[in-house]
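Visitor: Next up is a structure, given as structure tokens.
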Amino acid sequence: MTIAITDVVLRDAHQSLFATRLRLDDMLPIAAQLDDVGYGSLECWGGATFDACIRFLGEDPWLRLRELKKAMPKTPLQMLLRGQNLLGYRHYADDVVERFVERAVKNGMDVFRVFDAMNDPRNMKAALQAVRSHGAHAQGTLSYTTSPAHTLQTWLDLTEQLLETGVDSIAIKDMSGILTPMAAYELVSEIKKRFEVRLHLHCHATTGMAEMALLKAIEAGVDGVDTAISSMSATYGHPATEALVATLAGTEHDTGLDILKLENIAAYFREVRKKYHAFEGQLKGCDSRILVAQVPGGMLTNLEGQLKQQNAADKL
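For the sequence shown, the UniProt record's numbering assigns the number 1 to the initial residue and increments by one for each residue that follows.
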């Protein structure tokens, strides 16, 4: 079975590596090449990007979406949506959720990964139903964590509830990089055994386990995975796209992606990234402390930056 690759370079990669500061002007020159790769989807919107566009970059997030859709018409565009919170920091009324989704679809969004930090399906229901009613792809999310209360049965029950709500696929979102390879294999295997659903896995590289978790999930039957182009991967971010493509080449899971096209894209972002050095986090390699702290990769550079501004970086 071919594995679908979602590259997160235009959203979660830069959110994780340099606090969501990547500008549209640095996305558009490479957009045509990204569109030509053959990704399952490209994550480019949602998460903290809406806030960062307005708060830090002086950009219109809706214009960003329209311009990216115009520049990448062949590849489905994907976003991360915080369920009833949309892209804000409080719950919004159902009619606001419906209207936001309608506008996002109208402006070019194709795939909505809808999550709730508390894994409460009631907080995902309105958004998922709105996505499907407007003809887009609704992806429900298991926000993975570990605790005495979070057992395998917890995730199976949530999967069942999301399927009852109505979804086109399910994502396992390991935003802190704490999903062990063996747990990934067990979780994917059990979901696939019990439910007929397309399953996607998102892991962060923060603890050093992400590549192994992806491989074990692929062995277990996952349908798609998230990666980031190599020059925008690792540390707080995600496994490198090229490494996984090379690993799966010639196997039954061959992605079909051209490594040379990916290398050209990596070279572009290697240069672009230099512009954002001031926003980079301090992490080198991986950080096993996250196995206990469980801080999401997409939060760490933002947290570091905010602490620095308050002369409190030593508190991290």
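Think of the CB as a built atom: it goes at the ideal place given N, C-alpha and C, for glycine as much as any other residue.
None of these values were measured; they are calculated from a predicted model.
Since M79 sits in a beta bridge, which residues does DSSP pair it with?
Guide: Looking at the DSSP assignment, M79 forms a beta bridge with W45 and F112.
Visitor: Have a look at W62 and A104 and give me their C-alpha separation to the nearest angstrom.
Guide: If I take the Cα positions, the gap works out to 8 Å.
Visitor: Between S176 and I290, which are expected to be in contact by the criterion C-beta below 8 Å, what is the C-beta distance as a whole number of angstroms?
Guide: With 8 Å as the limit, S176 and I290 qualify as a contact, their Cβ atoms being about 6 Å apart.
Visitor: Closer than 7 Å to a non-hydrogen atom of the ligand ATP - does that hold for the CB of Y144?
Guide: The ligand ATP is not part of the structure shown, which contains no ligands of any sort.
Visitor: Can you check which of these residues, A183, D258, Q306 and A130, is closest to T151 by C-alpha distance?
Guide: The candidate whose alpha carbon is nearest that of T151 is A183.
Visitor: For G32 versus A93, is the C-beta spacing smaller than 8 Å?
Guide: The question names Gly, yet the displayed sequence has Ala at residue 32. No.
Visitor: Among M212, T207, K216 and D174, whose alpha-carbon lies nearest the alpha-carbon of M189?
Guide: Contrary to the premise, residue 189 reads as Ser rather than Met in this sequence. Of M212, T207, K216 and D174, the residue nearest in Cα terms is K216.
Visitor: Output the boundary residues of the alpha helix (DSSP H) element that contains K70.
Guide: Looking at the DSSP string, the run of the alpha helix (DSSP H) that includes K70 is P61 to A71.
Visitor: Apply the 10 Å Cβ neighbour rule to D25 and answer buried if 16 or more other Cβ atoms are within range, or exposed otherwise.
Guide: It is exposed - the Cβ of D25 has fewer than 16 other Cβ atoms within 10 Å.
Visitor: Using only alpha-carbon positions, find the residue among G305, A127, T247 and Q310 that is nearest to E98.
Guide: Closest by alpha carbon: A127.
Visitor: Does the beta-carbon of Y185 have 16 or more other beta-carbons within 10 angstroms, so that it is buried, or is it exposed?
Guide: With 16 or more other Cβ atoms within 10 Å, it is buried.
Visitor: Would you kindly work out how many angstroms separate the C-alpha atoms of A293 and V222, rounded to a whole number?
Guide: Whole-angstrom Cα-Cα distance: 27 Å.
Visitor: State buried or exposed for M118, treating a residue as buried only when at least 16 other CB atoms are found within 10 Å of its CB.
Guide: Exposed: under 16 other Cβ atoms inside 10 Å.
Visitor: How many Å lie between E211 and H238 at the Cα?
Guide: Roughly 9 Å separates the two Cα atoms.
Visitor: Going straight from the alpha carbon of G83 to that of H200, what length do you get?
Guide: Their backbone Cα atoms lie some 18 Å apart in a straight line.
Visitor: Out of F195, M109 and R23, which has the shortest C-alpha to C-alpha gap to L42?
Guide: Comparing Cα positions, the closest option is M109.
Visitor: Three or more C-beta pairs under 8 Å: does that hold for the stretch 241 to 260 against the stretch 10 to 27?
Guide: The stretch 241 to 260 vs the stretch 10 to 27: no contact.
Visitor: Hey, would you say T301 sits closer than 8 Å to L17, going by beta carbons?
Guide: Against a cut-off of 8 Å, the Cβ pair of L17 and T301 comes out as a contact.
Visitor: With distance defined between alpha-carbon atoms, name the residue in V272, T165, R273 and L262 nearest to D120.
Guide: The option with the nearest alpha carbon to D120 is T165.
Visitor: According to DSSP, is L133 helix, strand or coil?
Guide: The displayed chain sequence assigns Ser, not Leu, to residue 133. Three-state result, S133: helix.
Visitor: Can you look up L201 in the DSSP assignment and give me helix, strand or coil?
Guide: In the structure shown, L201 sits in a strand (DSSP, three-state: E or B).
Visitor: Could you name the residues of the same chain whose beta carbon sits closer than 7 Å to that of H253, not counting the 5 residues immediately before and after it, in chain order?
Guide: Here the set comprises M1, T2, I3 and I218.
Visitor: Starting from K261, follow the alpha helix (DSSP H) in both directions and report where the run begins and ends.
Guide: I259 to V272 is the span of the alpha helix (DSSP H), which, as asked, contains K261.
Visitor: What would DSSP say about A138, mapped onto helix, strand or coil?
Guide: Looking at A138 - three-state DSSP - the assignment turns out to be strand.
Visitor: Identify the residues that DSSP records as bridge partners of A240: which are they?
Guide: Answer is A228.
Visitor: Nearest CA to the CA of L257: which residue from V9, L163 and L34?
Guide: Of the candidates V9, L163 and L34, the one whose C-alpha sits nearest the C-alpha of L257 is L34.
Visitor: Apart from the five residues just before and just after Q37, which ones in its own chain have a Cβ nearer than 8 Å to its Cβ?
Guide: Contrary to the premise, residue 37 reads as Val rather than Gln in this sequence. If we look at V37 and ignore the five residues flanking it on each side, its Cβ neighbours are D7, T75, L257, D258, K261, L262 and I265.
Visitor: With DSSP collapsed to three states, give me the class of D254.
Guide: Three-state result, D254: coil.
Visitor: Apply the 10 Å Cβ neighbour rule to K315 and answer buried if 16 or more other Cβ atoms are within range, or exposed otherwise.
Guide: Exposed, because fewer than 16 other Cβ atoms sit within 10 Å of the Cβ of K315.
Visitor: Contact check, V197 vs I170 under 8 Å by CB: the rounded distance?
Guide: About 5 Å; that satisfies the 8 Å criterion.
Visitor: When we look at the beta-carbon of A13 and count the other beta-carbons within 10 Å, is it buried (16 or more) or exposed?
Guide: Burial call: buried.
Visitor: Which residues in the same chain as T235 place their Cβ atom closer than 6 Å to its Cβ, once the five residues preceding and following it in sequence are excluded?
Guide: Correct list, in chain order: L283.
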